[in-house]
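Residue numbers (UniProt numbering): 1 to 996.
Written out below as structure tokens is the structure these notes cover.
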Amino acid sequence: SSEGAINDEEVFEINDFTVVTALESFIVGIEATVYSWGLGKGSCNGNRFALNRNVIASCKWDSKCAKLVFGDNNALNLAYFWPRNLDRLDDKRDSQDAPSSATTDGDYLTNAAKLLLATELDFCPGSIISSQFGVLEFLLLTPFDWSSDKVVNENQLQTILSAVNVALCTTECELPVFVQYGDGDRQLYFGVCQNHSVRTHFESVHLRCLQPAHSHLSGLLEIFTDKVNCELIDTSAVRVSIQVDYKLEESLDVIPHFSSTYAQINQTSTPNELFIGSTPRLPFGAASDILDVFYLHTMWPNMRQETVNENDVYSDLDPLTAPFWTASASFQEGSPCLMNLSLKTLLDTANGMEGKLHLSGILGVAAEGETLSAQAALSSLVQPQSISITNPTGIVVEESTAIPASEMSRWINAIFTEGERLEEASTFSVSKTTSEHTSFPGEVVKEKSPIPPKTPENEEPDDIKRVRKKCMMLLEHSKASSLNSLASRIGTALAYILCHHEAGTSAFAQLWSAVVKELRKRWENGDSLPGMETDTVPDLSMSLLQQKLQMLQSCINARARQHQMLDQKGSFSDASLFSNDEFYDAKEWLSEEDSDADTSDRGSDKLIDKSEKVPSKTAQPKGRLTSLAPLCLLNEPNVTMYEPVTQERCPMTEDMLERHVDALSFLGSAEARAKVHLDSLLSDMQSFKAANPGCVFEDFVRWHSPRDYVVDETTGKGSLSSRMSGENNAWMETWSEAMPIPVVLQKRLFNETKEAETVLQEFNRVTVADLVHLILPVVLNCATMQLIDECKPIVSLIGEKLEEACEKVSRYSRSQHPEDCLDALRELLIIESTIAKYNSLWTRFIAVDDSLENNDVAISHLTAFVRSLVLMSKRDPQENALSGGNSGNFRSVPVDGGVDGPLGMAIRKLFATDVRLRDDESPSLKQRISGGKKAITGRSTREQQMPPFHRRQYVFHWLGSRRGSAPRATPHRMYASLSRKEARLCVALTDDIVFH
């Protein structure tokens, strides 16, 4: 109808103005985050810290962050930063407790605004925002995704700052909030901070350069006064702090030196230099110069601007007249280190294709590269010859000559040097290395230089003794070897050859072959291995390599005792005649070749009549050792029982024990497993019967297992225990079969020839990977001990890391797990890198100033100074994101004694070697380090000069009313940084927003 049509025309759209916009959502997000962090209303303790310049110099930062959505497709990261090692001031504390430079009489100011006058925060390191704007606690908005969320135009910036202003008003948060503008490397920040009375604006300018008229103190003061916009400003009330930075430019060409010393070992350096002192040494230190930049900072803090004159034609800023000197250093992170490279090369070789190669196969390639011919392989068949036990195939392998014979002889002599000769060789190597320095720390950045002084152990500080003791306790639990053992020297030499010889695995295989030949030579000649005792047996708590060497020494000892007894047999008494070291080899070899051990054992029994199994009372006793009085034979109460001479048990290495256990697990019954252990029992029974004619089984039990012979306390009569008297008792059966055979006529339990040949043949058959895994626990242990010796000057920096490394090295030696090895390598790299940083700086200072070496006080100050430089150079990931990189300030260390102190003089001499000051005749830093030219004695004119400055920094402070009409004064601050590549201005201006 017509009425319905009219009603339809009256329908109109209703606009809902309660819909939340994107900007409002962003503001709500800021407010919610501020409230959740407890920074809103009632939290007025922000930026109230006890200011101490020394603490601020090493300030550490904590942070938390949250993601905020901005617009439809963008997001910002809101982070909250605060210093964690500065003490906060309580609200009740009087203002007089704070440093005078940071206080004003007005409570109307925000805490951040009060800090604008704090000269303690001038050139604050660690935080570029603190350095540029003088605040310690703040919020920072940065792009969540730098590729798409950057703030790149003025509209975005002003929109975000407007949202921040609204959020600060709503939450009553007094912390400053900054927004990062543009690319991250520009370090441009804008921000605001406010309360109900004042508002502080933070602004930045980043240019390639300023106008010449504004590139000095006078011009910057004009900019500051113009920015404050106060016609009545008293410039004499402006305080200024100035810092001028100098950067050392000295390039060291260390690559050729590195190649000639470490990549080729056929130079004048001797292999003995690897075995200096009590610990075999690996190449150590940075592979290239690890020092990136060394800075000197000269400072004139908190001066009246009228006391300094600097313009475009004249400057009072002479670094030699600066009241304060500080220094800082930065190092190349991730720089490779020689010891770590050596250890990683071992692992990489074992895990690569070369690891599967047999060392004998590598040596089977002739010098010309031809493989063994079929004729050589079949030569033992077409040309019959006597079979050698040590080389049954008769094949003569032609070895490669990666290492010349003369050089190989030097290596073998160095590895197998023992006793006094080792001490003499070490003494010679120390004296030679002191002059040539081919194996001491820092040698890759010098050809000759002093090393950090090593303190004798009895004069070590308590902290070093504590760390050393803890580390030694941890390493005692590692399955490695003693420090200067033969295994340690073999492992170190092999690691050195594999990593630093140009032939690589060929030289590695050749050296191992020479080591095995020397071991065989010593076995065949009866010469003991270095460091081994005459009673050496395999120690299962040591590495497998050490155990096998101990087994070989056990074989050498057994053969030596056997030969000694045979040579002196005619003059021995009866007890000595039947020593356990006297054997007949013929029957031994015949029985060893038989596959049935029982048959061979019983075969030896056929030489004696069956009736002799029961010892006759009238038989002549043989093989007595000592009397067991008052014990007497049960059947002959008047005859004393004697302990017989018995055979030594066969020593076993770890892998032999594993094979033995595996063999037992395959036996079907307990009786079968028990019979395996009866060989030694049978030998003891035979020896006992020979030494005690007329004895019975009970007599043997009384001697061999006294607990199995039970004596009745009432009657005094004894009887066998239930274990020994049961049916089918293995002991009784063995006793019934045992004959009275003295040890000299028995089958040997320990065949030293067989076991020695087994060890040597296993050494000959190893692959590259097998050998690496054999020596790796030993090499890691030596590397850790080397680090313990090297880290003494900086033990306070890396003591905890060193203990962690020792624990992980010990864990790997027991587990042999690859992940444990990688964990240990990572810890060792951190320690080695830190020591290399210390040595890099130490070397430079000692090289340019010889007078430091003769001054104990100066050496002590230099040690502490260099240690502090290394410590201050460390940055955690959080600090790296906040420091601002090269645009910020590095953590610096005060130079004790100032310009004319020992450290100051050393720094001046160091900068005198700068390439921009050096003439053709003056020695460069490299020449001073290498000893190519002697330093000029006396005070050089170059030491009165400094190279051109790297950067000048200025901080202006002023307290006053900006526009002259406001009765309350507010603080203002401007930071300026001028270098040859950029210019940066950062201002913090505070307005009184209360209408008067």
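Each residue gets a CB set at the ideal place from its N, CA and C atoms; glycine is no exception.
Keep in mind it's a predicted model, so treat the numbers as computed, not measured.
Closest by C-alpha distance to residue 301, when choosing among 291, 209 and 324: 324
For residue 726, is the classification buried or exposed, using 16 other Cβ atoms within 10 angstroms of its Cβ as the cut-off for buried? exposed
Taking 6 Å as the limit between beta carbons, can you name the residues of its chain near residue 627, skipping five residues before and five after? 640 and 642
Can you check which of these residues, 769, 732 and 917, is closest to residue 357 by C-alpha distance? 769
Which term fits residue 838, buried or exposed, when burial requires 16 or more other beta carbons within 10 angstroms of its beta carbon? buried
C-alpha gap between residue 998 and residue 772, whole angstroms: Since the first residue of the chain shown is 1 and the last is 996, residue 998 is not available in this structure.
In angstroms, rounded to a whole number, what distance separates the CA positions of residue 194 and residue 811? 57 Å
Measure the beta-carbon distance from residue 113 to residue 89 and round it to whole angstroms, keeping in mind my assumption that it falls under 8 Å. Their Cβ separation, rounded to whole angstroms, is 15 Å, which puts residue 113 and residue 89 out of contact at 8 Å.
Since I believe residue 136 is in contact with residue 86 (beta carbons under 8 Å), could you give me their beta-carbon distance rounded to a whole number of angstroms? 7 Å
Count the other CB atoms, across all protein chains shown, that sit within 10 Å of the CB of residue 657; report buried if there are 16 or more and exposed otherwise. Burial check for residue 657: the Cβ neighbour count within 10 Å stays below 16, so the residue is exposed.
Roughly how many angstroms separate the alpha carbons of residue 945 and residue 909, rounded to a whole number? 10 Å
Does residue 242 come out as helix, strand or coil in the three-state DSSP assignment? strand
Straight-line gap, residue 250 to residue 510 (C-alpha atoms, nearest Å): 42 Å
Comparing C-alpha positions only, which one of 119, 201, 32 and 61 sits nearest to residue 992? Selected option, being the one with the closest Cα: 201.
Tell me the DSSP secondary structure of residue 123 in three-state form. Note: residue 123 maps to coil in three-state DSSP.
Under a three-way DSSP split, which group does residue 333 fall into? coil
Kindly confirm or deny that the region 463-474 and the region 528-544 touch, where touching means at least three C-beta pairs closer than 8 Å. no
By DSSP's criteria, residue 139 is part of a beta bridge. Which residues make up the other side? 80 and 177
With C-beta atoms as the reference, is residue 950 less than 8 Å away from residue 977? Result no, Cβ atoms of residue 950 and residue 977 do not sit closer than 8 Å.
Once DSSP output is grouped into helix, strand and coil, what is the label at residue 988? strand
Check this for me: beta carbons of residue 34 and residue 173, under 8 Å apart or not? yes
Neighbourhood of residue 297 by C-beta distance below 6 Å, restricted to the same chain and skipping five residues each side: 243, 245, 326 and 892
With 16 as the cutoff for other CB atoms within 10 Å, does residue 866 come out buried or exposed? A residue is called buried when at least 16 other Cβ atoms come within 10 angstroms of its Cβ; residue 866 meets this threshold and is buried.
Close Cβ partners of residue 984 (< 6 Å) along its chain, the five nearest in sequence each way excluded: 206 and 977
The beta strand (DSSP E) with residue 146 in it runs from where to where? Run containing residue 146: none; DSSP gives neither H nor E here.
For residue 850, the three-state DSSP class (helix, strand or coil): helix
Report all residues from its chain with a CB closer than 6 Å to the CB of residue 197; omit the five preceding and five following residues, and keep chain order. 108 and 994
Option nearest residue 156 by Cα separation, candidates 53, 292, 179 and 139: 179
Alpha carbon of residue 632 to alpha carbon of residue 806, nearest angstrom: 56 Å
Excluding the five sequence neighbours on either side, which residues of its own chain have a C-beta within less than 8 Å of the C-beta of residue 61, listed in chain order? 81, 82, 83, 84, 126, 127, 878, 879 and 882
Residues sharing a beta bridge with residue 643, DSSP: 626
Between residue 20 and the rest of its own chain, which residues show a CB-CB distance below 7 Å, the 5 nearest in sequence each way excluded? none
Taking a contact to mean a Cβ-Cβ separation below 8 Å, would you say residue 740 touches residue 558 in this structure? No, they are not a contact pair.
With a threshold of 7 Å on Cβ separation, who are the neighbours of residue 485 within its own chain once the five nearest residues in sequence on each side are excluded? 531 and 546
Cβ of residue 955 within 8 Å of Cβ of residue 122? Yes. Within cutoff.
Identify whether residue 870 lies in helix, strand or coil by the three-state DSSP scheme. helix
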